[in-house]
Amino acid sequence: MSDTTRAKPMPTPETQHYWDGAAAGELRLQRCRDCAKVYFPPRPFCPACASRNVAVFAASGKATLYSYLIHHRAVPGFTPPYAIAVVQLAEGPRLMTSIIGCPQTPEALQLDMPLQVAFQKLDDKITLPVFQPSKGA
Ligand SMILES: [Zn+2]
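Using this note's numbering, you'd call the opening residue of the sequence shown number 9 and step up by one each time.
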């Protein structure tokens, strides 16, 4: 399978910490120092109170499966069927991602199943956080 035609995210100054974290094996979120809100996607101000007093931190990588849909059509870089999932991070925010390490079927993809982050390196600039079923769950 070739990934050369797969659409890739483009890091921006506001999201660079996120991509740097993924490349380093960390899922980085941001937390507001004024109201304690944890949020995603990356932005330089708090979505709850608009404070710019925000900090980046490494999340636990733990999540549960919130919702998903299964695509059956071929898209460059993906082999159907594949699931596009929304996971609920342990820290609160939700994240759209892929689920790896299990069949892409409704039987295998159980809502609320425990997941753990993993990282898929696409190229030198982009490593994608994906999720896999938690071991021993
Ligand atoms: Zn805030």
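Ideal placement from N, C-alpha and C gives every residue a C-beta, glycine not left out.
Residues near residue i by beta carbon distance below 7 Å, same chain, minus five either side
i, result
"F129", "Residue identity check: residue 129 is Lys in the sequence provided, not Phe. Answer for K129: T135, listed in chain order."
"D120", "T72, L73"
"A31", "T135"
Any non-hydrogen atom of ligand 1 within 8 Å of residue i CB
i, result
"D120", "no"
"C57", "yes"
"A44", "yes"
"C54", "yes"
"C110", "no"
For residue j and residue i, the rounded distance between their alpha carbons
i, j, result
"P17", "K133", "9 Å"
"E99", "P84", "32 Å"
"C43", "C57", "7 Å"
"R60", "G29", "20 Å"
"P21", "R51", "10 Å"
"A126", "G33", "8 Å"
"Y26", "H80", "30 Å"
"F53", "R41", "10 Å"
Residue j beta carbon less than 9 Å from that of residue i
i, j, result
"V62", "R36", "no"
"Q140", "Q124", "yes"
"V138", "I92", "no"
"S6", "V94", "Outside the shown range of the chain (9 to 145) lies residue 6, about which nothing can therefore be said."
"S142", "K70", "yes"
Residues that residue i bridges to, as DSSP identifies them
i, result
"L77", "I92"
"I107", "F139"
"F127", "P137"
"Y47", "Q38"
"R14", "Beta-bridge pairing links R14 to no other residue."
"F86", "V83"
"P122", "T72"
"A66", "R36"
Own chain partners of residue i with C-beta closer than 8 Å, once the 5 adjacent residues on each side are dropped
i, result
"T113", "I78, P89"
"F48", "L37, Q38, L97, P101, R102, L103"
Same chain only: Cβ atoms within 6 Å of residue i, ignoring 5 sequence neighbours per side
i, result
"R14", "P84, G85"
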